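In the numbering used here, the protein residues as written are 2 to 507.
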């Protein structure tokens, strides 16, 4: 894979408008190189931007298996994954903290099909619009809007990528670990750039987001495209990791205020009290009847920025929700428990004369019943504001935000939370955040990495412990176990990075 071959091949395909995947019902103008703003605008509708973001070839994500939200039974781990040589055995290796998690000599989906495939589209859009010789005055704002969406999309990808392939980001420290290449050129003949340090990535992400903010559109045609509210949310989320909580509160408040300006919270939140089963006699196979028909759609009212996520984790085909995760939910009043945590037959098999039978297990059906995203939802935006308020000692406002979401998630009449000491309020916000975000994928993984900087706090963990039958596996969060390595298929063609090949047995 010479010079990130996947990135280059995608860039070639974009330029030719011939060899790419299907555009979302957008017909390219023959096979000409794009030359108008609209041509580049269409590139932002490509499914490659959203499809495999931190996902494997079977749309799961081993990142969730490093966290405390999922668990494996002995049968799933030892038979379904290990004995059967599961095609995504990296999930099992992650759960047991056995490195390398993935085969270092094969393609890394997170890079090749995820971040850098998407970046190729974004860079072609940005460079392409800049290269248009003369943009009509009536198209100038349109061009800036399209560029802004591409800048924000690129920033979102690289921000998360450096946190996955780099150490815990430590505000106030040098953060000089070289992590990923911040590729900004669409020129397929240009030499591959050097690795940026994590601090450099953070600064460039901030620059891209601030450049995008003035021209990001108020409305886009699909939630895969960042709106101004989405860019503000990205900045708020960015500052959770820089611990600039005043800035996080500022941007989250701008975003949430704009989101509910015309229609109130009900415009962007589902009230679970309005839900019912279409087939109460068979809830496992039933769909949820909601006030509209978009609960399972990408353009669900709650999705602010769509990026595909692991929707299958938590069910016996791959894993179960951990006992700790299940215990976070009020089983009597939290309607997320009612609709997403369902009892169903667990994994059962016989292997080499040994029977494995998990019996009936509580499983997590959220991904089967609703659409989820590894981007942002409006509930997450509200909880970002709540966390920022709590961390800046605006406790009454933080509690009000949590109670607002609870009105839409808990049975009507459930007592609201009341103000308390600051750490108690922060803990309450973060518990609600953990309940609300997807159980698998990148969200909890990255939260654990930022919370590790707060020893002594109720939400802090220094390590993760997993069980598999009678065996225990543990790993420190602030360690190499929570840093993914660059694949040899990339390293071998970029010797100027001075990163040795991974020679560990796989």
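Using N, Cα and C, we set each Cβ at its ideal position, and we do this for glycine too. The structure presented is a predicted model; accordingly, all values stated were derived computationally and were not measured.
Looking at the unbroken beta strand (DSSP E) that takes in residue i, where does it start and where does it end?
i           : result
residue 467 : 464-469
residue 346 : 342-346
residue 476 : 472-477
residue 181 : 179-182
residue 356 : 355-358
residue 365 : 361-365
residue 268 : Run containing residue 268: none; DSSP gives neither H nor E here.
residue 349 : 349-352
If you compare alpha carbons, which of the options is closest to residue i?
i           : options               : result
residue 115 : 368, 196, 54 and 42   : 54
residue 80  : 446, 262 and 354      : 354
residue 299 : 156, 332, 374 and 276 : 374
residue 383 : 371, 366, 365 and 404 : 404
residue 304 : 324, 125, 368 and 270 : 270
residue 196 : 208, 163 and 225      : 163
residue 111 : 181, 302, 318 and 132 : 181
residue 446 : 108, 167 and 189      : 167
residue 449 : 441, 461 and 442      : 461
residue 388 : 426, 130 and 440      : 426
residue 221 : 363, 143, 77 and 295  : 143
residue 265 : 406, 74 and 400       : 406
residue 61  : 232, 315 and 286      : 315
residue 273 : 296, 287 and 216      : 296
residue 376 : 138, 339, 46 and 224  : 224
residue 215 : 205, 227 and 204      : 227
residue 364 : 188, 198 and 342      : 342
May I have the straight-line CA-CA distance separating residue i from residue j, to the nearest angstrom?
i           : j           : result
residue 10  : residue 251 : Here the model assigns residue 10 a pLDDT of 47, short of 50, so the residue's position is not dependable, and the following value carries that caveat. Roughly 40 Å between the two C-alpha positions.
residue 104 : residue 240 : 34 Å
residue 22  : residue 48  : Only weak support exists for where residue 22 lies, its pLDDT of 33 falling under 50; the coordinates are left without a value.
residue 229 : residue 249 : 15 Å
residue 159 : residue 411 : 36 Å
residue 394 : residue 423 : 7 Å
residue 381 : residue 391 : 15 Å
residue 172 : residue 454 : 9 Å
residue 306 : residue 496 : 36 Å
residue 258 : residue 157 : 22 Å
residue 463 : residue 145 : 44 Å
residue 238 : residue 357 : 43 Å
residue 419 : residue 334 : 17 Å
residue 430 : residue 132 : 46 Å
residue 19  : residue 282 : Residue placement at residue 19 is poorly supported in this model, since its pLDDT is 32, which falls under 50; the coordinates are not used for a value here.
residue 470 : residue 349 : 15 Å
residue 417 : residue 327 : 21 Å
residue 59  : residue 136 : 42 Å
residue 147 : residue 42  : 6 Å
residue 506 : residue 87  : 18 Å
residue 337 : residue 149 : 36 Å
residue 435 : residue 351 : 35 Å
residue 473 : residue 170 : 28 Å
residue 324 : residue 456 : 23 Å
residue 399 : residue 322 : 28 Å
residue 190 : residue 244 : 39 Å
residue 291 : residue 409 : 13 Å
residue 16  : residue 213 : Because residue 16 sits at a pLDDT of 40, beneath the cut-off of 50, its placement in the model cannot be relied upon, and the following sentence gives the value as read from the coordinates. Going by the C-alpha atoms only, they are around 23 Å apart.
Cutting at 8 Å between CB atoms, please list the residues of its own chain near residue i, excluding the five before and the five after it.
i           : result
residue 63  : 57, 89, 91, 92, 94, 95, 102 and 103
residue 489 : 105, 106, 502 and 503
residue 361 : 344, 345, 346 and 347
Please list, in chain order, all residues of the same chain as residue i whose beta carbon is under 6 Å from its beta carbon, the five residues on each side excluded.
i           : result
residue 37  : none
residue 200 : 176
residue 123 : 151, 154 and 155
residue 452 : 460 and 461
residue 278 : 284 and 287
Where does the unbroken alpha helix (DSSP H) through residue i begin, and where does it stop?
i           : result
residue 204 : 199-213
residue 304 : Run containing residue 304: none in the alpha helix (DSSP H); it sits in the beta strand (DSSP E), 304-306.
residue 83  : No alpha helix (DSSP H) contains residue 83, which DSSP labels as neither H nor E.
residue 133 : Looking at the DSSP string, residue 133 is not in any alpha helix (DSSP H), and its letter there is neither H nor E.
residue 450 : 443-452
residue 152 : 141-165
residue 242 : 229-243
residue 223 : From DSSP, residue 223 is part of no alpha helix (DSSP H); its letter is neither H nor E.
residue 418 : It is not in any alpha helix (DSSP H) - residue 418 carries neither H nor E in the DSSP assignment.
Return the bridge partner residues of residue i from the DSSP annotation.
i           : result
residue 289 : 278
residue 335 : 411
residue 175 : Partner(s): none; residue 175 has no beta bridge.
residue 72  : 321
residue 378 : 304
Whose C-beta lies closer than 7 Å to the C-beta of residue i among residues of the same chain, with five residues either side of it excluded?
i           : result
residue 379 : 260, 269, 270, 303 and 305
residue 52  : 309
residue 486 : 101, 105 and 503
residue 26  : In this prediction, residue 26 scores a pLDDT of 32, lower than 50, which makes its location untrustworthy; no coordinate-derived value is stated.
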